[in-house]
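Written out below as structure tokens is the structure these notes cover.
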Amino acid sequence: MSASRRKNIQTQSSKEFTGIDLKKPALYAAGLIGVKVALQHTFKEMGVIKSFQTLAHMNQEDGFDCPGCAWPDPENRSKLGEYCENGAKALAEEATSKVVDNAFFSNYSVQEISSWSDYKIGQSGRLVAPMILKPSSNHYEECTWEEAFRVISDHLHALASPDEAIFYTSGRSSNEAAFLYGLFVRAFGTNNMPDCSNMCHESSGVGLSETLGIGKGSVKLEDFDKAEVVIVMGQNPGTNHPRMLSALEKCKSNGGKIICINPLQEAGLIRFRNPQEFSGMLLNGHGLTDVFLQVKINQDVSLLKLIEKKLAALDKVNSKVFDHEFIEKYTEGYESLLAHLDKHTEKELLELCGVDEKLIDEAVALLAKKNKIIICWAMGLTQHKNGVENAKECVNLLLLKGSLGKPGAGTCPVRGHSNVQGDRTVGIMHYVSKELNASIKNTFGFDAPDHEGVDVVKAIPAMHEGKAKVFIALGGNFVSAASDTEYTAKALQNCDLTVQISTKLNRSHLITGKTALILPTLGRSDKDLKDGKQRHFTVENSMGIVHQSKGFLDRISDDLKSEPEIVAGIANAYFKGNHPVKWKLLGSDYELLREKLGEVIAGFKDMNTKSKGSGYYLPNNVRDLDFRNLPNQRAQFSNTNLPIHNLKENEYLLMSIRSHDQFNTTIYGLNDRYRGIHNERRVLFMNESDMARENLKKMDVVNIMSNYDGQERKVFQFLVIPYHIPKGNLAAYFPETNPLIPIQEYADKSNTPISKSVRVSVEKA
Numbered sequence: 001m002s003a004s005r006r007k008n009i010q011t012q013s014s015k016e017f018t019g020i021d022l023k024k025p026a027l028y029a030a031g032l033i034g035v036k037v038a039l040q041h042t043f044k045e046m047g048v049i050k051s052f053q054t055l056a057h058m059n060q061e062d063g064f065d066c067p068g069c070a071w072p073d074p075e076n077r078s079k080l081g082e083y084c085e086n087g088a089k090a091l092a093e094e095a096t097s098k099v100v101d102n103a104f105f106s107n108y109s110v111q112e113i114s115s116w117s118d119y120k121i122g123q124s125g126r127l128v129a130p131m132i133l134k135p136s137s138n139h140y141e142e143c144t145w146e147e148a149f150r151v152i153s154d155h156l157h158a159l160a161s162p163d164e165a166i167f168y169t170s171g172r173s174s175n176e177a178a179f180l181y182g183l184f185v186r187a188f189g190t191n192n193m194p195d196c197s198n199m200c201h202e203s204s205g206v207g208l209s210e211t212l213g214i215g216k217g218s219v220k221l222e223d224f225d226k227a228e229v230v231i232v233m234g235q236n237p238g239t240n241h242p243r244m245l246s247a248l249e250k251c252k253s254n255g256g257k258i259i260c261i262n263p264l265q266e267a268g269l270i271r272f273r274n275p276q277e278f279s280g281m282l283l284n285g286h287g288l289t290d291v292f293l294q295v296k297i298n299q300d301v302s303l304l305k306l307i308e309k310k311l312a313a314l315d316k317v318n319s320k321v322f323d324h325e326f327i328e329k330y331t332e333g334y335e336s337l338l339a340h341l342d343k344h345t346e347k348e349l350l351e352l353c354g355v356d357e358k359l360i361d362e363a364v365a366l367l368a369k370k371n372k373i374i375i376c377w378a379m380g381l382t383q384h385k386n387g388v389e390n391a392k393e394c395v396n397l398l399l400l401k402g403s404l405g406k407p408g409a410g411t412c413p414v415r416g417h418s419n420v421q422g423d424r425t426v427g428i429m430h431y432v433s434k435e436l437n438a439s440i441k442n443t444f445g446f447d448a449p450d451h452e453g454v455d456v457v458k459a460i461p462a463m464h465e466g467k468a469k470v471f472i473a474l475g476g477n478f479v480s481a482a483s484d485t486e487y488t489a490k491a492l493q494n495c496d497l498t499v500q501i502s503t504k505l506n507r508s509h510l511i512t513g514k515t516a517l518i519l520p521t522l523g524r525s526d527k528d529l530k531d532g533k534q535r536h537f538t539v540e541n542s543m544g545i546v547h548q549s550k551g552f553l554d555r556i557s558d559d560l561k562s563e564p565e566i567v568a569g570i571a572n573a574y575f576k577g578n579h580p581v582k583w584k585l586l587g588s589d590y591e592l593l594r595e596k597l598g599e600v601i602a603g604f605k606d607m608n609t610k611s612k613g614s615g616y617y618l619p620n621n622v623r624d625l626d627f628r629n630l631p632n633q634r635a636q637f638s639n640t641n642l643p644i645h646n647l648k649e650n651e652y653l654l655m656s657i658r659s660h661d662q663f664n665t666t667i668y669g670l671n672d673r674y675r676g677i678h679n680e681r682r683v684l685f686m687n688e689s690d691m692a693r694e695n696l697k698k699m700d701v702v703n704i705m706s707n708y709d710g711q712e713r714k715v716f717q718f719l720v721i722p723y724h725i726p727k728g729n730l731a732a733y734f735p736e737t738n739p740l741i742p743i744q745e746y747a748d749k750s751n752t753p754i755s756k757s758v759r760v761s762v763e764k765a
């Protein structure tokens, strides 16, 4: 990379304010305004007729899967449209008519584009041809697919060891693409397969695997209809999984109760105006939350332990509070758990969690009488130093109540990206599975590597220290998604080659190695044609259903390839036909690829047939109360520890959050309508008593600092917004605050970054 390019590239979004319009937080989600905003986005990018035609095919049985979240589709799909506001925004982003082509890159250098906001970069348009950024150049230029594959092959062959390459995967990839990608990486000779789940639900996977024997949730969508109590923890479904609100609404209409546990009270969990019902469009809709427990950041374990202690006290009076028959038959560690709970007083736990005890008692009264209980959670539980133990404490409560393996009960970690769960299921993982390696050997005839690779937080130092020299990303926006932005950027810039397989331009295309490639791929909504015949791929949703997805729109460029075709092209160029796997054939024949996937991965046999229509459920041992793979063949209670933060007098805990105009690192707009923020992202939500302590007023400008191991990290120019958030807690949007998260701070066992509990201080700018 040229010195001038390295010096001038900007790794973060613009620090300029965009003109904030501050309003009161909303008291409901969706409704008529949600429909209006959704259509505004699609009309702008696609036009009126194309918008309605395409939206009608999203999340339908013979249509395409939403490129947004992984919430499952109901068996009977709505004819009015099976999508939400943010799903429509995701479609608009993907189906835009604007293009990023050779002329675009001739006009704009990587330095200039990097000075744009993330929003402006994302609005540039669809990538339409392979692009290369050469070491001596400041502009991408068009290249052929053959040249791109040759450049990758040459760099991979030049490595001293296969472990000098990093192969990242995003949750937007299909099962077919991810399986073929993992197959190539193992054939190449490494398990360096970090993926986006390392940064989100890895803590859930570890916690659930160690306690229940599977790293996935156990509930089905229809369980929400039967649940007596649904607990929503560390999650904002109104923005991040809006279609979940329909499931919560059904729970309420059937007599169920909803307990919400979160540092912020979110509009979507206050009231839901279902846009497919008269009451939602024109009336007040339905209230959702029965009990709101405003817990302090990362004190969920303290709160759950307090609830369990109170339930245990009731159980001594009435032994029907806990399901003792279930506990005796299926679990291990019950007596140890009770003894562990006795080490903490109710007063201690109450002070730590910061919740009004009267409200806690209301929740306890509900839980004491019910056993059809679902616990849902997301990043608010997983992205902490004790993220794994947060998940385990949820399991403890469910085990005490016998709330597993029955209708209306179970675990529900709500996944973010639409196939992040499927990627892991089909083999994207950095650790070694002897069973998987044996299946690969049996089906394809080669030995997969038997040594562990690196996950996200270990891959970044490897690149930073020069131990890894090639980075290839199957989707995603790695530099903006990862923690410690400046450190991550330098790590990527230390590489000899970086490769991004993408649909649209993002900041990771600008933070590059000495040579960089952009390989444009088909989106979810694009038709995937071969010899005039349309192909489909499959995904796995958040509840373990594998189903097909078939695009609707004509591709925006004839120079696009599908992800399996791109992976096969890389593999074929590298092996030059000298390998037992027929890469090009698998990359073009999806039916054959799925047959081979079914031979290698349990649960995928006959998926060519079973994945049609509504799809099929993968095996789930918890639903069958089968714990044979756990110690003594029983589900495990866990003795978790209380979180320790050691805040100094001037420090706060900061959690990163999404705005309503955002999905992961993709910025759809500058509004956070539900929280009352319009036309601005550089804001800091703060308790008014903390503002007074810091001598700050509404709209004052501050810088935010974190200090770990004597190294200060700082982000600049944030507007202070008084907000109903617990004292000592702060909230701000990511990726703007990702530079504050130190690379060396991550969850025990799962290595998930501590994005939701960063120790920070503030200063007036």
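Letter 89 of the sequence shown, counting from 1, is numbered 89 in full-length UniProt numbering, and no numbers are missing.
Just so you know, even glycine gets a beta-carbon here, dropped at the ideal spot from N, CA and C.
Taking the C-alpha atoms as reference points, what is the distance between residue i and residue j?
| i | j | result |
| --- | --- | --- |
| Ala-88 | Pro-619 | 31 Å |
| Ala-3 | Ala-158 | In this prediction, Ala-3 has a pLDDT of 37, which is less than 50 and means its spatial position is unreliable; nothing more can be read from the coordinates. |
| Gly-380 | Ile-297 | 8 Å |
| Asn-419 | Gly-171 | 5 Å |
| Ala-177 | Ala-481 | 21 Å |
| Pro-162 | Met-193 | 12 Å |
| Trp-71 | Arg-243 | 7 Å |
| Ala-516 | Ser-525 | 27 Å |
| Lys-309 | Ala-29 | 35 Å |
| Lys-227 | Ile-566 | Residue identity check: residue 227 is Ala in the sequence provided, not Lys. Roughly 44 Å separates the two Cα atoms. |
| Lys-329 | Gly-402 | 10 Å |
| Glu-745 | Gly-354 | 25 Å |
| Glu-222 | Asp-672 | 31 Å |
| Arg-186 | Tyr-168 | 13 Å |
Does the distance from the CB of residue i to the CB of residue j come in under 8 Å?
| i | j | result |
| --- | --- | --- |
| Leu-156 | Tyr-574 | yes |
| Ala-635 | Thr-331 | yes |
| Pro-753 | Gln-383 | yes |
| Lys-596 | Gln-548 | no |
| Glu-45 | Ser-124 | no |
| Val-232 | Leu-311 | no |
| His-417 | Asn-664 | yes |
| Val-301 | Glu-210 | no |
| Gln-10 | Ser-114 | yes |
| Gly-475 | Ser-173 | yes |
| Gly-238 | Gly-268 | yes |
| Ile-667 | Gly-31 | no |
Near residue i, what residues of its chain come up, given a Cβ to Cβ distance below 8 Å and the 5 sequence neighbours on each side ignored?
| i | result |
| --- | --- |
| Lys-610 | Val-546 and Tyr-616 |
| Tyr-590 | Glu-176, Arg-535, His-536, Phe-537 and Pro-564 |
Considering only DSSP beta bridges, list what residue i is partnered with.
| i | result |
| --- | --- |
| Ile-297 | The partner list for Ile-297 (beta bridge, DSSP) is empty, contrary to what the question assumes. |
| residue 766 | The shown model of the chain, from 1 to 765, leaves out residue 766, and the question about it has no answer. |
| Gly-287 | Arg-271 |
| Leu-474 | Thr-169 and Ile-501 |
| Pro-726 | Answer is none; Pro-726 lacks a bridge partner. |
| Asn-494 | Per DSSP, none; premise fails for Asn-494. |
| Pro-520 | Ser-502 |
| Ser-549 | Phe-537 |
By Cβ distance, which residues of its chain are closer than 7 Å to residue i, with the 5 residues on each side in sequence left out?
| i | result |
| --- | --- |
| Arg-681 | Ser-659, Leu-670, Tyr-733 and Glu-736 |
| Pro-580 | Phe-444, Gly-445 and Phe-446 |
| Met-463 | Ile-166, Phe-471, Ala-491, Leu-492, Asn-494 and Cys-495 |
| Val-317 | none |
| Glu-61 | Arg-77, Gly-613 and Ser-614 |
Within the same chain, show all residues whose beta-carbon is closer than 6 Å to that of residue i, passing over the 5 residues directly before and after it, in chain order.
| i | result |
| --- | --- |
| Asn-751 | Asp-455 and Val-457 |
| Ala-38 | Glu-85 and Ala-88 |
| Gly-189 | Pro-162 and Pro-449 |
| Gly-408 | Asp-223, Lys-226, Ala-227 and Lys-372 |
Cβ contact check for the segment 64-79 and the segment 405-416: 3 or more pairs under 8 Å: Touching, yes, given that three or more Cβ pairs across the two stretches are closer than 8 Å.
Touch test, the segment 127-139 against the segment 501-520, Cβ-Cβ under 8 Å, three pairs minimum: With a cut-off of 8 Å, the segment 501-520 and the segment 127-139 count as touching, because enough Cβ pairs lie within range.
The segment 421-432 contacting the segment 446-457, beta-carbon criterion three pairs below 8 Å: Verdict: yes, contact present.
Three-pair Cβ contact test at 8 Å for the segment 522-539 versus the segment 140-155: Segment contact: the segment 522-539 against the segment 140-155, fewer than three CB-CB distances shorter than 8 Å; contact not assigned.
Segment contact, 8 Å Cβ cut-off, at least three pairs: the segment 337-352 with the segment 186-203: In short, these stretches do not touch, since the Cβ pair count stays below three.
Inter-stretch contact (C-beta, 8 Å, three-pair minimum) for the segment 621-628 and the segment 370-379: No, because fewer than three Cβ pairs between the segment 621-628 and the segment 370-379 fall closer than 8 Å, the two stretches do not touch.
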